[in-house]
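I have placed the structure first, in the form of structure tokens, so that the comments after it can refer back to it.
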Amino acid sequence: MMKNLLPFLLLVSQHALAVVVEVNEGAESVLLPCEFSGLIPENDSTVMWTHKDLYNKSVHLRRKEGDDLGEQNQGYSGRTSMRPDALNTGNFSLTLRKPQLTDSGNYTCSISDGREERRLIDIQLQVKDYKVEVDSGVESVQLPCKTTVNLPKDAKVEWKNKNNRK
């Protein structure tokens, strides 16, 4: 079965760290780690997750009142979450459900007090395409097949090898 991630222990200082996170496409979810051990301002605290490689960079926004997803990039709609107690505990890790190849790229976790923004960590997410490994001499292998959700009833699946033979 697919493995989500290896756990990370991060000590975050004044400067942002860079971490590489790998996950297979189709995994249930992936955790983008972000821990903050400093003093969290009482008022106007906002945690921001952004994806640097997108035009609309907003992935997830958390305020004291809860999530603020009004400006969220639509590609992440319904797929992101943070712990409800994030602003109390300093655990700002983001769960991204059903990671896709297009989710690959550079993410930043930041905190703001309304006046100043502080970058806590940079994450390079690498979503890997599913690969099948076959041992020499095996009799059969199961190949994955991805498709769109609503196929026509008369749709056919046809398998071909690298020489375009059935």
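Here the sequence shown stands for residues -18 to -1, 1 to 148, where the numbers follow mature numbering (1 follows the signal peptide of the UniProt record, and there is no 0). Even for Gly, the Cβ is constructed at its ideal location relative to N, Cα and C. It should be emphasised that the depicted structure is a prediction, and the values quoted were computed from it without experimental measurement.
Going by DSSP, name the residue or residues bridged to Q43. It is Leu, not Gln, that sits at residue 43 in the sequence shown. DSSP, once it has assigned bridges, lists M30 as partnering L43.
As a quick exercise: from D117, D35, E99 and L83, pick the residue whose alpha carbon is nearest that of N6. L83
Anyone know if the C-beta pair for N88 and K144 falls short of 8 Å? no
Distance check for M30 and K113, CA to CA, integer angstroms please. 33 Å
Per DSSP, what are the beta-bridge partners of V2 in this structure? Q106
Less than 8 Å between the C-beta atoms of V12 and Q106, yes or no? no
Where does the unbroken beta strand (DSSP E) through L76 begin, and where does it stop? L76 to R79
Span of the alpha helix (DSSP H) holding L69? A68 to T71
If I93 and S27 are in contact, beta carbons under 8 Å, what's the gap, nearest whole angstrom? 7 Å
Figure out for me which residue from S40, T32 and D67 has the closest Cα to the Cα of G48. D67
So is V(-7) buried or exposed if we call it buried at 16+ other beta carbons inside 10 Å? Only weak support is given to the placement of V(-7): the predicted model assigns it a pLDDT of 39, under 50, and the question is left unresolved by the model.
Compute every distance between the C-beta of Y58 and the non-hydrogen atoms of the ligand ATP, then say whether any falls below 7 Å. The model depicted lacks the ligand ATP and carries no ligand whatsoever.
Would you identify the three-state DSSP class for D35, choosing helix, strand or coil? coil
Considering G87, what are the terminal residues of the beta strand (DSSP E) in which it resides? G87 to S94
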